[in-house]
Each structure stands twice: as C-alpha cells, then as structure tokens.
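This report refers to the structure that appears directly beneath it.
Protein chains in written order, with our numbering: chain A, 35 to 193; chain B, 6 to 200.
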C-alpha cells in the first residue's frame with residue numbers, strides 16, 4: 035500500500051517538475067562576455083500608429099564600464115532608450131542618450147523610469163508573441179534578446 | 006489688589022480664548038480642505054461621442070487622470086492601476102468613475118480615445134474636446150501640460166503632463182491627489198473609507 039503511495043508521489047513530483055521545466059517562469063536571458071540582458075518584456079500595442087515600450091535589466095559583470103550605444107527591434111523602425119523625468123509632479127519623456135553601465139552594476143529599465151521606446155511599429159505587438167531586440171554595447175558588442183509581449187496593462191513579467 | 010486680580014483673570018480668559026480659537030480654526034481649516042475644495046469644471050466629449058460636463062459625473066466619486074494615447078509608459082501604467090482599483094473595489098466600484106482626459110486632442114479624437122481606454126477597463130471613460138476645451142478643463146483641475154518638440158517622436162512631438170490622479174467628491178469638489186505609482190491597494194483603502 036505504502037509503496038504504491040510512494041510511487042504515486044514520485045510520479046506526481048516528476049510530472050510537476052516536468053511541467054515547470056516546459057514552461058519556465060524566467061524570461062529569456064542573453065549574454066555576451068560580461069554583459070547580461072534579462073527580464074525583458076514589452077507592452078502590447080493597439081495597432082501600429084502609437085509607440086510601445088519595452089523593459090529589461092542589463093548587468094555588467096565585467097571589470098570595465100560599458101555603454102549601450104544603440105538598439106534595433108525587429109518590430110519597429112526606431113528603438114531608443116527614453117527616460118521619464120518628474121518635476122513638480124509633471125512627467126516628461128525624452129531620449130536618454132547612450133546608457134552607461136559601470137562595472138559590477140545593473141541598469142533596470144522599468145515603468146516610470148527608463149524604457150525602450152519602440153516607434154513606427156511595423157506590426158502590432160500582440161500579447162503572447164515574441165520579437166527580437168538587438169542591444170549594441172561599445173565593449174560587449176551586439177546582444178540579441180527575445181522579448182515576450184505582455185498585456186497592455188502589464189507592469190512586468192509574473193515572478 | 007482686587008483690580009490686579011481682575012486683570013489677571015482677564016488675561017487668563019483671553020489666553021484661553023486665543024488657544025481655543027486657534028485650535029478651532031485649525032480644525033476647520035483641515036476639514037475645509039475636504040468639504041470646500043475647489044470645483045473643477047469642464048465641457049468635453051466622452052469616448053462615445055456625447056458632450057459631457059463635470060455635472061455628468063456628480064453623485065459618484067471620480068478618479069481623474071490626464072494623459073495622451075501616444076504615451077507608452079506613464080499612461081498605460083496609471084490606467085492599468087486604475088483598472089486594478091476598479092476591480093479591487095468590488096461592490097463599491099459602482100460609486101466610482103475613472104476619467105481619462107487627453108491633453109493631446111489634436112491626435113486623440115473620440116475613436117482613438119475609445120480604442121485606448123477600452124483596452125484597460127470597461128469602466129474607464131475617455132474624454133477629449135477642442136484645444137480650448139481641454140485647456141480649460143486642465144486649468145480648472147490646476148493640472149499642467151505642455152507640448153514638447155522631439156525629433157524622434159511620432160509627429161515630431163510628445164507631451165509633458167501632470168501625472169497625479171485627482172480624487173473628486175460626489176459633490177464635485179477636489180479632495181486629494183494620488184501621486185504617480187501610488188499602489189492600487191492604497192487607493193482602494195482610501196476610497197473604501199469614504200464610500
């Protein structure tokens with residue numbers, strides 16, 4: 035009796051582990067030398083006439099400062115890092131320029147802060163789909179990351 | 006001797022009146038902020054094409070947010086939070102109207118606003134109007150907005166705007182603001198105490 039229960043438990047556990055393995059909760063991660071890009075996601079768009087935003091975390095595990103010099107997305111004509119600034123409760127947005135990555139630090143792009151502006155969309159960003167974003171660093175060179183599209187009201191990947 | 010005593014009593018009474026009066030005015034002052042807050046006024050068009058005014062939403066608490074549909078970061082974040090607030094209010098949701106007022110009426114016409122707000126929550130009402138109507142509406146809320154030229158932005162410009170959410174009472178008075186990124190749970194808690 036008890037051995038059957040044990041076997042049942044082992045089978046269930048194996049099944050659960052397999053399911054967990056098939057659909058990992060961790061978003062795609064990409065690295066090149068010492069620079070790691072992870073936790074990427076983008077917001078679904080309504081059509082193509084308005085810009086959308088993508089968010090991610092960049093970690094510099096190297097010994098030298100690196101710089102994110104340019105971005106290229108498969109879904110839009112333009113992709114650039116923008117910053118949100120808040121002055122006396124008034125929010126303004128604008129290009130952030132080249133993003134510096136000090137050695138041993140991480141830069142987090144998140145709602146209400148830095149974000150990748152995806153402008154002149156070539157196709158609507160649909161929830162559940164993925165697209166490729168290429169980040170080019172001065173030192174580490176180009177890194178491709180797969181970006182999952184979440185809902186328009188999402189605030190980040192579900193942990 | 007008696008005169009001195011009268012003067013002393015008189016001074017003590019005066020001090021008491023001053024302290025009590027100060028306390029009372031302080032109490033009335035804080036209370037007045039909630040009861041007699043300024044009354045925003047506007048004439049705009051809702052996302053169904055009907056002309057509306059502040060009077061349209063009397064009787065309900067209103068959560069008012071100024072933004073524009075070409076805004077990919079702050080506006081979706083805030084509208085998603087307002088959607089969470091509406092879902093979290095349960096039965097009290099019927100007593101709250103979330104209003105999204107565009108400050109970019111040139112691009113945000115009725116259909117655009119309708120498409121945008123409905124992507125977040127069915128209860129959110131989108132409002133637009135002429136440049137003049139939108140400016141008057143924002144002024145009446147003491148909200149600020151500006152057009153910022155930007156080469157890389159769609160149509161060559163973006164908008165800067167007040168990012169807080171305004172709470173308006175059922176009588177149409179300004180009650181308070183919720184700053185950008187106030188957790189939905191805090192807004193829900195605040196509203197449930199009032200409703």
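Glycine residues also receive a C-beta, built at the ideal position from the N, C-alpha and C atoms.
**Prompt:** Expressed to the nearest angstrom, what Euclidean distance is found between the alpha-carbon atoms of residue 92 (chain A) and residue 115 (chain B)?
**Reply:** Cα-Cα distance, rounded: 40 Å.
**Message:** Can you check which of these residues, A:135, A:77, A:82, A:137, is closest to residue 154 (chain A) by C-alpha distance?
**Reply:** With distances taken between Cα atoms, residue 154 (chain A) lies closest to A:82.
**Members of the segment 116-132 of chain B that neighbour chain A once the beta carbon cut-off is set at 9 Å** = So the close ones are 117, 120, 121, 124, 125, 126.
**Message:** Starting from residue 195 (chain B), trace the beta strand (DSSP E) in both directions and tell me its first and last residue.
**Reply:** In the DSSP assignment, residue 195 (chain B) falls outside any beta strand (DSSP E) and lies within the alpha helix (DSSP H) extending over 189-199.
**Helix, strand or coil at residue 95 (chain B) [DSSP, three-state]** = If DSSP states are grouped into helix, strand and coil, residue 95 (chain B) belongs with the helices.
**Asked** Who are the neighbours of residue 78 (chain B) on chain A, taking C-beta pairs under 8 Å?
**Response** What residue 78 (chain B) touches in chain A: 87, 116, 118, 127, 145, 146, 149.
**Asked** With respect to the alpha helix (DSSP H) encompassing residue 115 (chain B), which residues constitute its N-terminal and C-terminal limits?
**Response** Per DSSP, residue 115 (chain B) belongs to the alpha helix (DSSP H) from 115-123.
**Asked** If you pair each beta-carbon of the segment 159-166 of chain B with each one of the segment 107-126 of chain B, do three or more pairs fall below 8 Å?
**Response** Using a Cβ-Cβ distance cut-off of 8 Å, the segment 159-166 of chain B and the segment 107-126 of chain B are in contact, since at least three pairs of beta carbons, one from each stretch, lie closer than that value.
**Request:** Give a yes or no on whether 8 Å exceeds the smallest Cβ distance from residue 143 (chain B) to chain A.
**Result:** Chain A, which has no Cβ nearer than 8 Å to the Cβ of residue 143 (chain B), makes this no.
**Message:** Under 8 Å, Cβ to Cβ, is there at least one residue of chain B near residue 59 (chain A)?
**Reply:** Note on residue 59 (chain A): pLDDT 38, under 50, position unreliable in the model; no value is reported.
**Message:** Can you confirm whether residue 161 (chain A), when its beta carbon is compared against all beta carbons of chain B, has any partner nearer than 8 Å?
**Reply:** No, residue 161 (chain A) does not count as interfacial toward chain B.
**Asked** Per DSSP, residue 183 (chain B) is paired with what?
**Response** When beta bridges are read from the DSSP output, residue 183 (chain B) appears opposite B:170.
**Message:** Can you pull out the residues from the segment 171-190 of chain B whose beta carbon lies closer than 9 Å to at least one beta carbon of chain A?
**Reply:** For chain A, the residues of the segment 171-190 of chain B that bring a beta carbon within less than 9 Å of one of its beta carbons are 182, 184, 185, 186, in chain order.
**Asked** Using the C-alpha atoms, what's the distance from residue 185 (chain A) back to residue 64 (chain A)?
**Response** In this structure, the straight-line span from the alpha carbon of residue 64 (chain A) to that of residue 185 (chain A) is close to 23 Å.
**Message:** I want to see whether chain A comes within less than 8 Å of residue 93 (chain B), judged by CB atoms only; does it?
**Reply:** Any Cβ of chain A closer than 8 Å to the Cβ of residue 93 (chain B) would place that residue at the interface, and such an atom is absent.
**Request:** Under 8 Å Cβ to Cβ from residue 80 (chain A), same chain only, skipping five residues before and after it: list those, please.
**Result:** These residues qualify, in order along the chain: 158, 186.
**Message:** Give me the chain A residues within the contact set of residue 138 (chain B), using Cβ-Cβ distance strictly less than 7 Å, ordered along the chain.
**Reply:** Within chain A, no residue has its CB atom less than 7 Å from the CB of residue 138 (chain B), the nearest being about 21 Å off.
**Prompt:** Alpha carbon to alpha carbon, what distance is there between residue 69 (chain A) and residue 79 (chain B)?
**Reply:** If I take the Cα positions, the gap works out to 28 Å.
**Item:** Residue ranges of each beta strand (DSSP E) within the segment 118-153 of chain A, 3 or longer
**Value:** Listed in chain order, they are 124-129, 133-135, 140-142.
**Asked** How many Å lie between residue 152 (chain B) and residue 85 (chain A) at the Cα?
**Response** CA-CA distance, residue 152 (chain B) to residue 85 (chain A), rounds to 17 Å.
**Item:** Per-residue contacts from residue 169 (chain B) into chain A (C-beta, under 7 Å)
**Value:** 123, listed in chain order.
**Prompt:** Under three-state DSSP, which class holds residue 69 (chain B)?
**Reply:** Three-state result, residue 69 (chain B): strand.
**Message:** Given this structure, state the Cα-to-Cα distance separating residue 64 (chain B) from residue 128 (chain A), to the nearest angstrom.
**Reply:** Going by the C-alpha atoms only, they are around 40 Å apart.
**Message:** Taking CB distances under 8 Å as the criterion, tell me whether residue 187 (chain A) reaches chain B.
**Reply:** Yes, contact with chain B.
**Asked** Which term fits residue 192 (chain A), buried or exposed, when burial requires 16 or more other beta carbons within 10 angstroms of its beta carbon?
**Response** That one is exposed.
**Request:** Quick one: give me the first and last residue of the beta strand (DSSP E) that residue 133 (chain B) is part of.
**Result:** Note, residue 133 (chain B): beta strand (DSSP E), 130-133.
**Message:** Does residue 164 (chain A) come out as helix, strand or coil in the three-state DSSP assignment?
**Reply:** When DSSP states are grouped into helix, strand and coil, residue 164 (chain A) belongs to the strand group.
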